[in-house]
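Position one of the sequence shown corresponds to residue 1 (my numbering), numbered consecutively onward.
We put the beta carbon where it would ideally sit given N, CA and C, even for glycine.
Quick caveat: nothing in here was measured; it's all calculated off a predicted structure.
Here's the structure we're looking at; comments come further down.
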Amino acid sequence: MGTPGFDFSAPPFDLLDAAGRARVEAALDLAFFPPGTVLIEAGQASPQVYVVLRGEVEAGDIEDGRERLFSDYGPGEVFGAFAVITGRARHRYRARGEVLAFLIPAAVFAELLATQPRFAAWFHEGLAAKRQLLAEKSAPAEANRLMLTRVRDAQLAAAVAVAPSLPIGEAVATLRRHGVECLVVEPAPGDDGPGIVTRTDLLDALALEGRGLASPVGPLAHRPLIGVREDDVLFQALVTMTESHIERVAVRRGSAVVGTIGLAEVLSHYASQSHLISLRLARAADEAEVVAAAREMDALVRTLFAQGAKISYLMEMVSALNSRLLAALFTFCVPEPLRAGACLLVLGSEGRREQILKTDQDNALILAPGVEPEAYAEAMARFARHLAAIGYPPCAGGVMASNPHWRQTLDGWRGRIAEWRRRGDPVAMMELSMVVDARPVAGDRRLVQPLHEDLMALGRDEGLMREMVLAAFQFDTPLTLFGRLRDGGEGTDIKKGGIFPLVHGLRTLALRHGVARSNSFARCEGLVAAAALPSELGRDVPQALAVFQRLRLGQQLDALAAGRVPDNRLDVSALRHLDRELLRDALRVVNRFKDHLREALHLRGMT
1 MGTPGFDFSA PPFDLLDAAG RARVEAALDL AFFPPGTVLI EAGQASPQVY VVLRGEVEAG
61 DIEDGRERLF SDYGPGEVFG AFAVITGRAR HRYRARGEVL AFLIPAAVFA ELLATQPRFA
121 AWFHEGLAAK RQLLAEKSAP AEANRLMLTR VRDAQLAAAV AVAPSLPIGE AVATLRRHGV
181 ECLVVEPAPG DDGPGIVTRT DLLDALALEG RGLASPVGPL AHRPLIGVRE DDVLFQALVT
241 MTESHIERVA VRRGSAVVGT IGLAEVLSHY ASQSHLISLR LARAADEAEV VAAAREMDAL
301 VRTLFAQGAK ISYLMEMVSA LNSRLLAALF TFCVPEPLRA GACLLVLGSE GRREQILKTD
361 QDNALILAPG VEPEAYAEAM ARFARHLAAI GYPPCAGGVM ASNPHWRQTL DGWRGRIAEW
421 RRRGDPVAMM ELSMVVDARP VAGDRRLVQP LHEDLMALGR DEGLMREMVL AAFQFDTPLT
481 LFGRLRDGGE GTDIKKGGIF PLVHGLRTLA LRHGVARSNS FARCEGLVAA AALPSELGRD
541 VPQALAVFQR LRLGQQLDAL AAGRVPDNRL DVSALRHLDR ELLRDALRVV NRFKDHLREA
601 LHLRGMT
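Structure below.
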């Protein structure tokens, strides 16, 4: 029978079309349950799906004759769907007090799953589906064009392949004949794959280098060929161009180059501030111009976030621009004779390519053997001052290349790694963790390779890995015994309770299993490929990280707009119903991941 008061505007019922809503209304019933009533027994099927109208229902498991609470469900929340879908409930569901609930018959619910794909995805595909459905509802159409349009669907230029022996004069004629801006140069013996030569390269060779029309194009080709896959989204092409300081990339289908795409083609789909910032950084004549360009970054983040950019894409874009910014500042601050003897590293979230808004300056310097660290003191102090002017506050713990502790020769760093391994105390593990995430952004990048090899070798020390991972258990997950969100009245610290355990656990597992990646999302993918992380967790952990990052960024941007200093606390009461549900689901993923860490690193009894 039809029952008034059912809220079709709340997820997941807002995903039903008119026919689906009508089917629910026709079959819906309302029932009262006294305190203590068992609505669904663990291991049994359920004749209906429940939607709580009033009261609370607790879900629990029986272990060693005692009930262990798993979660609870309040007004507006749905339970019993799994029992209908699989024919077997995971938990026992019992009324905590008096409960009034809507009932959807199992047959009707199964019919909805079969005829309503978006509604079905909510229940079958978990956190990933919920995030996607939220994005579809929230993002404007122009953002969807950028985030959903594939490279293959954009206006690609033909990939015209030529032999490396082709004379420059004929190459110019070939460009004109095909109406393209570049040629793909096939590899000559000894070359590392195909290369690319542009119209500008040919002009420079003739006008500036004095080469003749008969000179071959082979030596002019740029290698390795930088490209994207045809299945990548356009935003990825924009990130790749920004990071590589180029305006055209190859498009690949497998190993074959099927076309090229340029900045103009990408920007025809989307007008991006990122290119303007990139141009300003490239043309900066001094530190002041770098600082001025960098101050536009928060506005770019705000725009992309408002337009629905995926968090992972947003991180990549910001990281690409930050890398250019730091490299430019390094060039201006460090005298030319000193640059070749040093490598600037970024640590922490910037090292992992996961920083979005400006946080503490976390950086370090590796110096070539025989170089005097004190020679860089003035330059690094200047570098730190300029970063502060941009909005990167000095690191409270002094993790900056301006601090002699974080400015060492290669031998000094290798000795530091050995010391961290020997000590194994929390401070040593914290410093080790920061360096594991290190990424070179300026100077002689070859200096970092021996350091990286020493770090990866630590993963073979299982005892050290156990000591290192313990920090992931330092902070409790902000869920109550009943699975509800806990904020302590001052907001939920999502960095401590959600982001850090996942990031640090992935970092430790990657080191343990030799996964040589620094980004958390890439580490997760690598761990699944190495059979070191179950595929279900490999799917859910990146989704949980993205939920935490998106919710935190939204409230941080609101704080900046209001003139407040942004922090890591979430005001749960300010979140939409769906966001609260996503947050709770994501925090449950944290608990599952912690359980995996305990098993994988043999931590039972230590946490």
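In DSSP terms, what residue i is bridged to
i	result
Leu69	Gly60
His611	The question about residue 611 has no answer, for the chain in this structure spans 1 to 607.
Ile261	Val249
Ile104	Val49
Arg150	Val233
Arg569	Asp493
Pro216	Pro167
Gly227	Ala250
Val99	Phe33
Val78	Val51
Integer Cβ distance of residue i from residue j, believed to fall under 8 Å
i	j	result
Val38	Gly76	With a Cβ gap of about 22 Å, Val38 and Gly76 do not count as contacting.
Pro404	Pro373	6 Å
Phe383	Ala368	Not a contact, Cβ separation roughly 18 Å.
Ala471	Met434	So it is not a contact: roughly 12 Å between Cβ atoms.
Leu527	Gly514	About 10 Å; that fails the 8 Å criterion.
Ser520	Leu506	5 Å
Ala608	Val99	Outside the displayed span of the chain (1 to 607) sits residue 608, for which this structure offers no information.
Arg295	Asp232	Their Cβ separation, rounded to whole angstroms, is 30 Å, which puts Arg295 and Asp232 out of contact at 8 Å.
Ala364	Leu347	6 Å
Arg94	Val57	7 Å
Gly193	His222	About 11 Å separates the two Cβ atoms, so there is no contact after all.
Ile311	Arg550	5 Å
Leu553	Ile356	6 Å
Gly259	Leu338	Incorrect: roughly 43 Å between the Cβ atoms, too far for contact.
Ala101	Ile40	Not confirmed; about 11 Å, so no contact.
Ile390	Val291	5 Å
Tyr392	Gln361	5 Å
Ile85	Val24	That pair is no contact at about 17 Å.
Pro164	Glu186	6 Å
Phe330	Gly443	7 Å
Val197	Leu234	That belief does not hold up - the Cβ atoms of Val197 and Leu234 are roughly 25 Å apart, past 8 Å.
Glu354	Met297	About 15 Å separates the two Cβ atoms, so there is no contact after all.
Phe119	Leu16	6 Å
Arg96	Pro35	7 Å
Gly351	Ala438	5 Å
Start-to-end residues for the beta strand (DSSP E) that takes in residue i
i	result
Asn363	Asn363 to Leu367
Ala299	No beta strand (DSSP E) holds Ala299; the alpha helix (DSSP H) holding it covers Met297 to Ala306.
Val184	Cys182 to Val185
Ala342	Ala342 to Val346
N-terminal and C-terminal residue of the alpha helix (DSSP H) that residue i is part of
i	result
Arg94	No alpha helix (DSSP H) contains Arg94, which is instead part of the beta strand (DSSP E) from Arg92 to Ala95.
Val160	Where Val160 is concerned, there is no enclosing alpha helix (DSSP H), given that its DSSP letter is neither H nor E.
Gly463	Glu462 to Val469
Leu387	Ala377 to Ile390
Val371	Per DSSP, Val371 belongs to no alpha helix (DSSP H) and is neither H nor E.
Ser255	Neither: Ser255 is in no alpha helix (DSSP H) and is coded neither H nor E.
Phe8	It is not in any alpha helix (DSSP H) - Phe8 carries neither H nor E in the DSSP assignment.
Met315	Ile311 to Cys333
Arg580	His577 to Ala600
Pro394	Counting along the chain, Pro394 falls outside any alpha helix (DSSP H), and DSSP gives it neither H nor E.
Pro117	Pro117 to His124
Glu336	Glu336 to Arg339
Val399	That residue, Val399, is in no alpha helix (DSSP H); it is neither H nor E in DSSP.
Glu287	Glu287 to Ala294
C-beta neighbour in chain C for residue i, strict 8 Å
i	result
Gly351	Note that chain C does not occur in the displayed structure, where there is just one protein chain.
For the stretch 478 to 534, list the alpha helix (DSSP H) runs that are entirely contained and at least 4 residues long, ordered along the chain. The stretch 478 to 534 contains, as complete alpha helix (DSSP H) runs of 4+ residues, the segments 500 to 512 and 520 to 529 (chain order).
Answer yes if the stretch 101 to 121 comes into contact with the stretch 77 to 84, meaning at least three C-beta pairs across the two stretches below 8 Å, and no otherwise. Verdict: yes, contact present.
Decide yes or no for the touch test of the stretch 313 to 326 against the stretch 246 to 255: beta carbon pairs closer than 8 Å, at least 3 of them. No: fewer than three Cβ pairs fall under 8 Å.
Beta strand (DSSP E) runs contained entirely in the stretch 404 to 456, provided each spans 3 or more residues: The DSSP assignment places complete beta strand (DSSP E) segments of no fewer than 3 residues inside the stretch 404 to 456 at 407 to 409 and 439 to 443, in order along the chain.
Segments assigned alpha helix (DSSP H), at least 4 residues, entirely inside the stretch 13 to 47: Here the runs fully enclosed are 18 to 27.
Pairs of beta-carbons, one from the stretch 212 to 228 and one from the stretch 236 to 248, closer than 8 Å: are there three or more? These segments touch.
Are the stretch 543 to 550 and the stretch 585 to 601 touching by the rule of at least three beta carbon pairs closer than 8 Å? Yes: at least three Cβ pairs fall under 8 Å.
Determine contact between the stretch 450 to 460 and the stretch 410 to 421, defined as no fewer than three beta-carbon pairs at a distance below 8 Å. With the cut-off at 8 Å, the stretch 450 to 460 and the stretch 410 to 421 touch.
Whether or not the stretch 162 to 174 and the stretch 209 to 220 are in contact is what I'm after, with contact meaning three or more pairs of Cβ atoms, one per stretch, closer than 8 Å; do they touch? Contact between the stretch 209 to 220 and the stretch 162 to 174 is present, because at least three Cβ pairs lie under 8 Å.
At least 3 beta-carbon pairs within less than 8 Å: the stretch 566 to 582 vs the stretch 493 to 501: A contact exists between the stretch 566 to 582 and the stretch 493 to 501.
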